[in-house]
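Everything below concerns the one structure shown next.
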Amino acid sequence: MNRDRTLAARDKLVDRLAVTGELLRGTLLERIVRHKSGCPKCARGEGHQVFVLTVTYPGGRTRQFSVRRERVAEVRRWLANYQELKEAIEAICELNHDLLRAQAAASKGGRKRRD
Ligand SMILES: [Zn+2]
6 MNRDRTLAAR DKLVDRLAVT GELLRGTLLE RIVRHKSGCP KCARGEGHQV FVLTVTYPGG
66 RTRQFSVRRE RVAEVRRWLA NYQELKEAIE AICELNHDLL RAQAAASKGG RKRRD
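Taking my numbering, the leading residue of the sequence shown gets 6, the next gets one more, and so forth.
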């Protein structure tokens, strides 16, 4: 890709960036909790549906947060916003690699000389 086209592609990605504070990293898991005794619902075999957000940190440490049912839709949206933003950032970085390569090539006169 030439420099102008790379810059145009980058601008397009920047325009598309979902600039919002509603971002969340992690995985939302659905679990069923069952009480051993004293719970009629669990005695009927139903159990309780719970949602847990799992977040992994560099080094492998993880944290878990329970998410109230009424906030699940919102959490899913925030997770999707994060993924979208992350993908756009990665794509911009790839284009910037091309720009750096193009600049390096131009400053060397385009072609490597051999002697
Ligand atoms: Zn129960």
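All C-beta atoms in this analysis are idealised placements derived from N, C-alpha and C, irrespective of residue type, glycine included.
Three-state secondary structure assigned by DSSP to residue i
{"i": "V72", "result": "strand"}
{"i": "V57", "result": "strand"}
{"i": "E35", "result": "strand"}
{"i": "T11", "result": "helix"}
Rounded straight-line distance, which links the Cα of residue j to that of residue i
{"i": "K46", "j": "E35", "result": "18 Å"}
{"i": "L22", "j": "D16", "result": "10 Å"}
{"i": "L189", "j": "V19", "result": "Since the first and last residues shown for the chain are 6 and 120, residue 189 lies out of range."}
{"i": "S112", "j": "A13", "result": "22 Å"}
{"i": "E1", "j": "T11", "result": "The chain is shown only over 6 to 120; residue 1 falls outside these bounds and no answer can be derived."}
Distance between beta carbons of residue j and residue i, contact taken as under 8 Å
{"i": "R30", "j": "V60", "result": "6 Å"}
{"i": "V38", "j": "H53", "result": "5 Å"}
{"i": "E27", "j": "R82", "result": "7 Å"}
Residues near residue i in its chain [Cβ-Cβ closer than 8 Å; skip 5 each side]
{"i": "N101", "result": "R15"}
{"i": "V80", "result": "L29, L33, F56, L58, V72"}
Cβ neighbours of residue i in the same chain (closer than 7 Å, five flanking residues each side left out)
{"i": "R8", "result": "L104, A107"}
{"i": "P63", "result": "none"}
{"i": "N86", "result": "A23, T25, E27, L28"}
{"i": "H40", "result": "C47"}
{"i": "A93", "result": "L18, R21, L22"}
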